[in-house]
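Here the structure is laid out as structure tokens; the discussion comes afterwards.
In this note's numbering, the protein residues as written are 169 to 1048.
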């Protein structure tokens, strides 16, 4: 058998060389196969790519239409009747095409920096950006990023829809590549800058420059250019005429920072542009209910995309009640101007919602959408007391005491009742802090300490939760929040519709007084849940949306959710509509009161009078009013919720309810009340003990029955002494001191008792000592000396003699024949002589041995000075 060529038992140098040549040959052969396989894969990829291209290319639009943007049909927004046109989103498109040389160089740089820094390097799409977007979409489980270049954006906005699908993305990539092949970079950039939407019906940079700054695009400054570049991402949201000036400012500065990073401008230029005060052109457009319309536009843009909003020909029928809106706008404008003079409160806002549907009936975001910011030359988003375009109804503001009902509702969930008593006394809530002693010093401004006061500076002692909420008492409300629990209160608020308060760790007991920012729209909706017996309908502003062909894209559907137990909701509504309960604080005829119908309402005033609120409701209407300054500047001290917001709220409610039938709130049934009296109106516990009348100490088995009396001792403590806040319906805490707040609460209550002169009335601690007077050692020693037992006696002349001794001295000795009281002797010797009536003598019996059985008895009973008693009884025989 021949030897195989690749095997030799011994290898010479010549053979080694031959082997190396053979190895090189194998490597070359493997490389050839690898290249061949790669070639086939490449061919397959090209064929697949060509097939994909051919498949999608057949439906691709013609690039020749790139410079012919067509607006199909404008979107129209109506009131709830479908008859009142609030806004024609694209009634007057503004666009002027200009060449690149007529566009400010700073604007071109700004647009490239923020939208596509690698514009001159890619061939239509950025591979890295696509990979990054793909990973983000994979993690998100849906298409959330597009990684779009300027070319892609141009294709999407001009030739394709804005739907987020893989098919559209592939078409976009193909068209982008084809566009880059057909047009120069300058031509593409020119197309883009002349077609991109900037909002306010402005398309292209020239129209945007004229719309917002009343100047041509070539004359824009760096600050103006960078601001325009900030708009296309979300034209409605970032609009200079919109409700988010802070967000616009942040994005504007980001554009400048990006330009600086790319070396397009210097740091000094960036900082100077940030400091520049921009003056926007004032322009009233044909728009009704402007804040509401902008609110709707943001919703539509977010859900359907800006292109569809601008060109889709949508018919949007909203929930807005035009008559209520007109009344609200008039009242808010007039009231805000009055408040500006009275309280230096420059702005106001109002929302009205139907609690039974959640539909927004009126929305006024400021006193005048088309007004000028004030004071003059102020910077919007920074120091303007009045910003016309900001929609305060959806901005976060401090609610003050208007937040309190959520804490009380949470407390009622736990088992506390409207009758539960809490002490309204000075108290330090920063427990176990040496810088914050229990003895409250209101001049102590250490930020570690927390000792709030009531609005009127008074303290009322024991008050019920009903009184506390109705009168908006701060100290009991903070205590109520503690008893309910901060997390539980936030849960309740969010269940009812509050969408803020996300970072729970930052909230403490100040939350009861409005220490967490909320939105007026949310508050109005949440209060409506109280009026709707605990049923929540999500706040909605759209009844129906139709496309240009009349197809319904979305339609209102009622979606009720049980957010709160009906009895608790009824209880809150009952308290907030109890005019008698709130009268001690607000007076009998305050702006919260309506003589002809029950209306529930709550005021709110944030710290330093920065916000004034009134939120109130009937079963079918919930209305919230806010008054204050956009820049958070304090009002005058008189600008509390009841004074600044109350009149506006009352006037609107009176106007819209005047022709409506009177609706009453269903009273809470108050069944299954807690058995613990400390949860139902008592604030002092009673301890009943049996006391010896003579010694004043605890009675014992030796205490004479007639000397035992039951005595009640009342003890007053903070509620934490009697109730476990984590389980108020359970047993009292074994050791109240385990609660970190107990010591301070108890100190405050005992201090109040002492200062109010009620220590003797309450807190009488029962004795723990037992009766030491009525004891066996003190009982009298008694002996009937005469007659003797079974001795014959003469009932007509009965003489009884007693010998007696008592440590406490003898008070008297009583003598009895059978049960007949014969008399008493008070001084020794203790003798009694008397006649026994015949009818008191029991006939005797003669025994078989001739003896007589005694059936009559003599008893002597001795009493000492403390009414200890002893007695002796002997049988006697009656002489014939």
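Cβ coordinates follow ideal geometry from the N, Cα and C atoms, glycine included. In this text the structure is predicted, and so the values were computed from the model without any measurement.
Contact set for residue i: own chain, Cβ-Cβ below 7 angstroms, skip 5 residues either direction
{"i": "residue 937", "result": "865 and 866"}
{"i": "residue 366", "result": "376, 396, 399, 400 and 403"}
{"i": "residue 989", "result": "982"}
{"i": "residue 696", "result": "521, 523, 785 and 790"}
{"i": "residue 583", "result": "842, 847, 896 and 897"}
{"i": "residue 168", "result": "A question about residue 168 goes unanswered here, because the residues of the chain that appear run from 169 up to 1048."}
{"i": "residue 603", "result": "614, 616 and 617"}
{"i": "residue 798", "result": "515, 552, 553, 554, 555 and 558"}
Helix, strand or coil at residue i according to DSSP, with G and I counted as helix
{"i": "residue 246", "result": "strand"}
{"i": "residue 1028", "result": "strand"}
{"i": "residue 964", "result": "helix"}
{"i": "residue 814", "result": "helix"}
{"i": "residue 1002", "result": "strand"}
{"i": "residue 383", "result": "coil"}
{"i": "residue 1023", "result": "coil"}
{"i": "residue 630", "result": "strand"}
{"i": "residue 803", "result": "coil"}
{"i": "residue 367", "result": "strand"}
{"i": "residue 893", "result": "coil"}
{"i": "residue 941", "result": "coil"}
{"i": "residue 435", "result": "helix"}
{"i": "residue 970", "result": "strand"}
{"i": "residue 714", "result": "strand"}
{"i": "residue 536", "result": "coil"}
{"i": "residue 446", "result": "coil"}
{"i": "residue 591", "result": "strand"}
{"i": "residue 486", "result": "strand"}
{"i": "residue 145", "result": "Residue coverage of the chain in this structure runs from 169 to 1048, which leaves residue 145 outside it and unanswerable."}
{"i": "residue 789", "result": "strand"}
{"i": "residue 828", "result": "coil"}
Own chain residues within Cβ distance below 8 angstroms of residue i, not counting five before or after
{"i": "residue 268", "result": "276, 354, 357, 358 and 361"}
{"i": "residue 731", "result": "663, 664, 665, 697, 702, 703 and 704"}
{"i": "residue 946", "result": "974, 975, 976, 1032, 1034 and 1036"}
Spatial neighbours of residue i in its chain, beta-carbon cut-off 6 angstroms, leaving aside the 5 residues before and after
{"i": "residue 628", "result": "592"}
{"i": "residue 364", "result": "400"}
{"i": "residue 309", "result": "Annotation note: pLDDT 49 at residue 309 (below 50); position unreliable, coordinate value reported separately. Counting only Cβ-Cβ distances below 6 angstroms, and skipping sequence neighbours, we find nothing."}
{"i": "residue 458", "result": "537"}
{"i": "residue 747", "result": "761"}
Exposure label - residue i; buried when at least 16 CB within 10 Å
{"i": "residue 890", "result": "buried"}
{"i": "residue 1013", "result": "exposed"}
{"i": "residue 877", "result": "exposed"}
{"i": "residue 699", "result": "buried"}
{"i": "residue 657", "result": "buried"}
{"i": "residue 777", "result": "buried"}
{"i": "residue 157", "result": "There is no way to answer for residue 157, as the model of the chain reaches only from 169 to 1048."}
{"i": "residue 720", "result": "exposed"}
{"i": "residue 554", "result": "buried"}
{"i": "residue 973", "result": "exposed"}
{"i": "residue 325", "result": "buried"}
{"i": "residue 576", "result": "buried"}
{"i": "residue 1043", "result": "exposed"}
{"i": "residue 407", "result": "buried"}
DSSP beta-bridge partners of residue i
{"i": "residue 565", "result": "686"}
{"i": "residue 730", "result": "703"}
{"i": "residue 779", "result": "796"}
{"i": "residue 857", "result": "879"}
{"i": "residue 256", "result": "244"}
{"i": "residue 1039", "result": "1029"}
{"i": "residue 980", "result": "1031"}
{"i": "residue 527", "result": "522 and 708"}
{"i": "residue 722", "result": "713"}
{"i": "residue 991", "result": "983"}
{"i": "residue 770", "result": "783"}
{"i": "residue 907", "result": "In DSSP, residue 907 forms no bridge with anything."}
Expected contact under 8 angstroms - CB spacing of residue i and residue j to nearest Å
{"i": "residue 368", "j": "residue 409", "result": "6 angstroms"}
{"i": "residue 381", "j": "residue 449", "result": "6 angstroms"}
{"i": "residue 488", "j": "residue 243", "result": "Contact doesn't hold; Cβ gap of about 16 angstroms is too wide."}
{"i": "residue 638", "j": "residue 574", "result": "About 16 angstroms separates the two Cβ atoms, so there is no contact after all."}
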